[in-house]
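Protein chains in written order, with this note's numbering: chain A, 1179 to 1285; chain B, 2 to 123.
Report on the following structure.
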Amino acid sequence: DIQLTQSPSSLSASLGDSVTFTCRSSEYISSFLHWYHQTPGKVPKLVIYAAANLPSGVPSRFSGSGFGTDFTLTITSLQPEDFGAYYCQQSYSTPLTFGQGTRLDIK
Amino acid sequence: EVQLLESGGGLVQSGGPLRLSCTASGFNFESYAMSWVRQAPGKGLEWVSIITDSGGSTYYADSVKGRFSISRDNSKKRVYLQINSLRGDDTAIYFCAKCDHSRPVAAYFDHWGQGTLITVSS
Chain A
1179 DIQLTQSPSS
1189 LSASLGDSVT
1199 FTCRSSEYIS
1209 SFLHWYHQTP
1219 GKVPKLVIYA
1229 AANLPSGVPS
1239 RFSGSGFGTD
1249 FTLTITSLQP
1259 EDFGAYYCQQ
1269 SYSTPLTFGQ
1279 GTRLDIK
Chain B
2 EVQLLESGGG
12 LVQSGGPLRL
22 SCTASGFNFE
32 SYAMSWVRQA
42 PGKGLEWVSI
52 ITDSGGSTYY
62 ADSVKGRFSI
72 SRDNSKKRVY
82 LQINSLRGDD
92 TAIYFCAKCD
102 HSRPVAAYFD
112 HWGQGTLITV
122 SS
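This is how it looks when you write it as structure tokens:
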């Protein structure tokens, strides 16, 4: 099974900061890597699909990059609604898998 | 507007069965794969199972293979998750998720239901 390792596991940042999260795959997954954001008690929301694509309605301060095994999610100019947990997910092969998550807290 | 409404969760005894349902609306249900994702209390997301648009193919996480069974009824716009031999580590919120593709490869989850909680008691 493909393992996804996210780093860091947690991060503290201030409003207006830029942050970057990393997701590393144990195997080649092309660009089939997606990112989700979840705030406590809420439903996960897709923020990046296919490594670098922004879904409709997601602010342009979110961006993704990467190919193969190494991927990043960058958020610029952090807003209050951006805090919470971020998960990567691969769909290159089944079983589909999620990373363990990165928690973004307000400093 | 895409809507996914899960039902069937609750407090169940260890070893028992349970069937979850997810009723979809607002999109062409029979054209998309559907999936179940769960989240144990205070933990991360865990993919559970996916079924292709026609229902012809199903896939499972290793942790649930042999105990869970996913199915769908396109005429009713519903997807189901049959869970047998429930264990304590099955305690979680179970989310129904719509995939953007008809099949698992390359698929991502573009819409999620609110989730239904299963609590397994011993």
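Ideal Cβ positions, reconstructed from N, Cα and C, are used throughout, including at glycine.
Item                                                                                                                                                                                   : Value
Report yes if the C-beta distance between serine 70/B and glutamine 83/B is below 8 Å; otherwise report no.                                                                            : yes
Do the region 85-100 of chain B and the region 111-123 of chain B meet, that is, are 3 or more Cβ pairs less than 8 Å apart?                                                           : yes
Out of Ser123/B, Ser122/B and Asp91/B, point me to the one whose CA is closest to tryptophan 37/B's CA.                                                                                : Asp91/B
Count the other C-beta atoms from every protein chain shown that fall within 10 angstroms of the C-beta of glutamine 40/B, then say buried if there are 16 or more, exposed otherwise. : buried
Does aspartate 91/B come out as helix, strand or coil in the three-state DSSP assignment?                                                                                              : helix
Counting only the same chain and skipping the five closest in sequence on each side, list residues whose C-beta sits under 7 Å from that of serine 123/B.                              : Ser15 and Gly89
Got a sec? Which residues, its chain only, sit under 8 Å from arginine 20/B by beta carbon, not counting five neighbours each side?                                                    : Gly9, Tyr81, Leu82, Gln83 and Ile84
Establish whether the CB of proline 105/B and some CB of chain A are separated by less than 8 Å.                                                                                       : yes
What residue range is occupied by the uninterrupted beta strand (DSSP E) comprising threonine 24/B?                                                                                    : 19-26
Terminal residues of the continuous beta strand (DSSP E) containing leucine 6/B?                                                                                                       : 4-8
Could you say which of Gly1277/A, Ser1255/A, Ser1269/A and Phe1276/A lies nearest to proline 1237/A if we only look at CA atoms?                                                       : Ser1255/A
Three Cβ pairs or more, each shorter than 8 Å: is that satisfied between the region 1241-1250 of chain A and the region 1220-1230 of chain A?                                          : yes
When you check each C-beta in the region 30-55 of chain B against every C-beta of chain A, which residues fall closer than 7 Å?                                                        : Gly45, Leu46, Glu47, Trp48 and Ile51
Indicate, with yes or no, if the ligand FMN has a heavy atom lying under 7 Å from the CB of proline 1233/A.                                                                            : The ligand FMN is absent from the structure shown, which contains no ligands of any kind.
Mind checking which residues open and close the beta strand (DSSP E) that includes valine 13/B?                                                                                        : 11-14
Starting from tyrosine 60/B, find everything on chain A with Cβ-Cβ shorter than 8 Å and list it in chain order.                                                                        : Thr1272, Pro1273 and Leu1274
Would DSSP call phenylalanine 30/B helix, strand or coil?                                                                                                                              : helix
DSSP three-state label for aspartate 1260/A, please.                                                                                                                                   : helix
Which residues does DSSP list as the beta-bridge partners of threonine 117/B?                                                                                                          : Tyr95/B
Where does arginine 1281/A sit, in a helix, a strand or coil, going by DSSP?                                                                                                           : strand
Return no unless some Cβ of chain B is closer than 8 Å to the Cβ of valine 1236/A.                                                                                                     : no
Since leucine 1182/A and serine 1203/A are thought to touch, with beta carbons under 8 Å apart, how far apart are those beta carbons, to the nearest angstrom?                         : 6 Å
Name the residues in the region 1221-1254 of chain A whose C-beta lies less than 8 Å from a C-beta of chain B; which are they?                                                         : Val1221, Pro1222, Lys1223, Leu1224, Tyr1227, Ala1228 and Pro1233
Taking only three categories from DSSP, how would you classify leucine 102/B?                                                                                                          : Reading off the sequence, residue 102/B comes out as histidine, not leucine. Correct three-state label for histidine 102/B: coil.
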